[in-house]
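Numbering (the working numbering), first residue to last: 1221 to 2420.
Below is one structure, written out as structure tokens; comments come after it.
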């Protein structure tokens, strides 16, 4: 790391620097230089002198700073004299610039300041266009202006040559005064200055920008700063709506200002094309009651000090969002702060010491504590000669005229000053001014040790403006009368002592509040001095070898770290983490002095840093799907910002920064509003969707994509952890959790509350928070005893091992709870052909036909070449092959035939079949790790656990399942201690089944593959397999495909997406009496132990572009209204399955049902609560496979 400097200014205006590789403070070579403030950048430091002029110190460098001056000599040819400098009246000047518009004779070039010198005399450039020329540097052309060339032609009537002279900057390593370019327009007097902007471009060595503030509140910009012109050329005024007190410019495009009224203002639109920006935006002070005093800006951080010396950090600041999003209070009491390189924080404490913020990193920009800057003091680059009191005023240089010892600090350029040999004129009415030497007239001096030590005189070095904006509220006290001087008695400045009364007003001519600045440093010494010399005058200390106030080290007023290259990992000798300061910097000098007098004081240097409010940030690059036209993927920058308060509470915001029409913009999402983080399949990207309540209602999640799977998983894990942390979720899913899966195979859970199933004021679905559980499954079923089973796409059964027994393990589960999980599935594409009389079946279809390679629906073109696995996490494990296991059968080549698209296909060709298709399959596989344990060896297609209440106690939990071939199975030995069970019991049927469900009181319902409905009778804990099947008539002309049984209700879904409710269920007649249509647009239904009903809707009305699959909750379900009243839509877009059969958290029910009302969704699902389909009086067929007999039961006309 190269050696860089930290700059600081003490209250006397002396400038010091300490190198990162050194150990001691070094004072500037010019011992009489007095500056108010400094602002450092890479390789340079600017300052404001006490004469209100700007000074520049360029760091010495091996490469000299040289500037080339050039001018052109122009001539025209005439027949008499040839080429001469006699030009036509319409020609350019005989000596001009390259354009010919401005005259530039050789004698007109002057050095811009005394910091430059000429390297030599003028000489002719002998090259033309970079090539050596034999024409003496002349270039010829037909006329002005035209293209010049070194070759002289017959029609060359004009010529020119370039003269060059170099000047060198000789003021490197010293403080050089910036000359006034236009004195009548100069922005004087100045009170603040700031430099930055060198990182606004990717170019290395980019020159900085310089901004300044005048004491009238005007803002000025320095033009013409260039690597070869470090001083710049001129000042340009920038219009401001209000008076500005202080400015801060970051290394890039952040510029903040403090106003006279204590508010803050941001300059927007800063860019290379517009270095002065475009507009101002006002921001309120961090504390409403306290005004802002100082602001410091970095690359993406903003720090503010208020007038009560509290430190604040601005959240969410970025070039896309320069205003930020909120304030965070940081521990410590500081006079001012400065943001240096790498966003490191430097500060001047209330005790006038220097401090550094520890732990500042890109991921934690607020750091974690303050430590002192402990550079050694005592040696300087050049010893400061002793100065007598009588000679002090005569040694003031131009930079110190009107300095801190003068009464006209603000008006040195505006009016006459006092004579050099006259003492400063002090206000007689000021109670803080005590004239020594008149001991008889002064207040008596107590010699006892209980008398507070007087505070040494510390002159001010700040501007007139700060005296207007930085006064702290103080209780007023009656003014003391100061007797006038006796005639003929003169006092030197060394005989004047400023006694700063803490209870009185500030000194009128002092611009910095120095209350108690040196009490901790000289309390004991001053007390001893008072006791020994009670009547002696006190001087300014001008006779010391170190100069004014240097005996015990400087008393600081300003610091600038813009040129100090330090980061959190730097090893700097004068920065120690064991310094005597903790993060809550609130020690006053008086308290520090009291500490030193304690007999049994603790060694505070060993006290660890206390954690205060902090900011943690994670940044990265992702791709964002822009959801307005033209819709496309856009490269964006993202940042997750988390603030931690002193009480441990955390608040996080997720930012997305993008460009639109060359304008920087951003989106932000509050983490406590995120409801789901869902991996999605979009254009073969590693993509995920961010849902909030508002975005769920609008059906437009925030889609983001990463370059690699690792990046996506890292962001998903990070965001999910923050979401869980802000909601207080620190444990695995509870026993009452709702489980769901997406079409992609991802698993999600929701922790229910008592209000989720409340009859009134229920939690809306769009506000439910879904968190992802590791694993990959097609469906999941659970119950309230903590048993969770799932089925993969390949039919493998899995049991959740994330918690065991009665207690749930922490999130950081043992390695034994995590297992390797694999899943496999087949991807299909269809090859379509049409018959014609000439060539037979070919891939030449009609213009209205589906694509010749498509998906099953024929709406989307899918070829074997452009078809990929379901997501990038999958990998192919086989090649494409013809699939002969298509429903409906195939011929030997795998073709299915039909009369036209899209009709029912069959496996044999007839005379009327003009189209055909065949399915190609390819298997893919995914491997991951999750809290799931495999249950061998039978592949399953459906599963159901008996729901029960939370207080239920069951030795064995009934579990029914269907194999992939349609066989009915009953799992034995399932309990909370053995969730995987022990063995399978086969339950005989005469046909394959496709759906099964067990409800309360061991009610088992099933649906055969042909749509027939069956009820299993005599199922009990002692007879877990039951005895026989009872056939239940299906709804008229409808084929059911899925059934779900709750405590007292049964719901089913048919092939057309209609939801049916079984009426007439009673304990004595569990088969019910009739089916009633409830709703359409349903793909899956789940009924819980409280008879609550949730579905997966095919889509939300009004949003046809959304991916099918949305979570919906039936509201108004109760004992008097088991069918419910209307739907509440939740998260959607690719949801496949939901299970609420574990949620037995029962909310208090009211006697009156929820009144019917409109759905919260934009358009409610079509609901038909009309005529029930009567099936009374019909013959029900019951078969008992064990007895191999058929029983006919006549249904009675009335309920038994």
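Just so you know, even glycine gets a beta-carbon here, dropped at the ideal spot from N, CA and C.
Just so it is clear, the structure is predicted and the values come from calculations on it, not from any experiment.
Can you name the residues that DSSP bridges to residue 2224? 2218 and 2236
With distances taken between CB atoms, is the gap from residue 1196 to residue 2350 smaller than 9 Å? Coverage of the chain is limited to positions 1221 through 2420, which leaves residue 1196 absent and any answer about it impossible.
Excluding the 5 residues preceding and the 5 following residue 2104 in the sequence, name in chain order all residues of the same chain whose CB lies nearer than 7 Å to its CB. 2110 and 2114
Considering residue 2161, what are the terminal residues of the beta strand (DSSP E) in which it resides? That run of the beta strand (DSSP E) goes 2160-2165.
For residue 2169, the three-state DSSP class (helix, strand or coil): coil
Any contact of the region 1257-1270 with the region 1347-1364, i.e. 3+ C-beta pairs under 8 Å? no
Per-residue DSSP class, three states only, for residue 2355: strand
Delimiting residues of the alpha helix (DSSP H) encompassing residue 1913: 1913-1918 is the span of the alpha helix (DSSP H), which, as asked, contains residue 1913.
I need the straight-line Cα distance from residue 1986 to residue 1915, nearest angstrom please. Taken atom to atom, the span from the alpha-carbon of residue 1986 to that of residue 1915 is near 9 Å.
Would you mind reading off the limits of the alpha helix (DSSP H) that contains residue 2018? No alpha helix (DSSP H) contains residue 2018, which is instead part of the beta strand (DSSP E) from 2017-2020.
Does the beta carbon of residue 1971 fall short of 8 Å from some heavy atom of the ligand SAH? Ligands displayed in this structure: none; no statement on the ligand SAH is therefore possible.
Whole angstroms are fine: how far does the CA of residue 2347 sit from the CA of residue 2320? 11 Å
Taking three-plus beta-carbon pairs below 8 Å as touching, is the region 2190-2210 in contact with the region 2241-2251? yes
Comparing C-alpha positions only, which one of 2137, 2119 and 2123 sits nearest to residue 2130? 2119
Would you mind stating whether residue 1778 and residue 1229 have Cβ atoms separated by less than 9 Å? yes
Rounded to whole angstroms, how far is the Cβ of residue 1961 from the Cβ of residue 1997, which I believe are closer than 8 Å? 6 Å
In the DSSP assignment, find the alpha helix (DSSP H) that holds residue 1945 and state where it starts and stops. 1929-1946
Residue 1576 versus 1226, 2259 and 2011, residue with shortest Cα-Cα distance: 1226
Indicate the three-state DSSP secondary structure (helix, strand or coil) for residue 1891 in the structure shown. helix
Of all the options 1499, 1435, 1306 and 1448, which has the alpha carbon lying nearest to the alpha carbon of residue 1458? 1499
Could you spell out where the beta strand (DSSP E) holding residue 2084 opens and where it closes? Taken as a continuous stretch (DSSP letters only), residue 2084 belongs to no beta strand (DSSP E), as it is neither H nor E.
Output needed for residue 1263: all residues of its chain with C-beta closer than 6 Å, excluding positions within five of it in sequence on either side, in chain order. 1279
9 Å Cβ cutoff met for residue 2087 and residue 2049: yes
I'd like the span of the beta strand (DSSP E) that includes residue 1839, first residue to last. 1834-1846
For residue 2334, count neighbouring Cβ atoms within 10 angstroms of its own Cβ and tell me buried if that reaches 16, exposed if not. The residue in question, residue 2334, is buried, as its Cβ has 16 or more Cβ neighbours within 10 Å.
Thinking just about the alpha-carbon of each residue, which of 1861, 2022, 1489 and 2223 is nearest to the one in residue 2037? Looking at the Cα atoms, 2022 is the closest of the given residues.
Count the CB pairs spanning the region 1296-1314 and the region 1361-1378 that are closer than 8 Å, and state whether there are at least three. yes
With a Cβ-Cβ cutoff of 9 Å, do residue 1523 and residue 1515 count as a contact? yes
Rounded to the nearest angstrom, what separates residue 1867 and residue 2318 at their Cα positions? Taking the Cα positions, residue 1867 is about 45 Å away from residue 2318.
Residue interval of the beta strand (DSSP E) (run including residue 2200): Element bounds for residue 2200: n/a, residue is neither H nor E.
Let me confirm a value: residue 2221 is counted as buried when at least 16 other C-beta atoms fall within 10 Å, else exposed. Which label applies? exposed
Taking the alpha-carbon of residue 1898 as reference, which of 1925, 1564 and 1877 has the nearest alpha-carbon? 1925
The region 2048-2062 in contact with the region 1925-1936 per 3-pair CB rule at 8 Å: no
According to the Cβ coordinates, are residue 1265 and residue 1276 closer than 9 Å? yes
Compare the Cα-Cα distances from residue 1224 to each of 1785, 2015 and 1876 and report the closest residue. Cα-wise, what sits closest to residue 1224 is 1785.
Own chain, CB closer than 6 Å to residue 1456, minus 5 neighbours either side, in chain order: Contacts found: 1441 and 1443.
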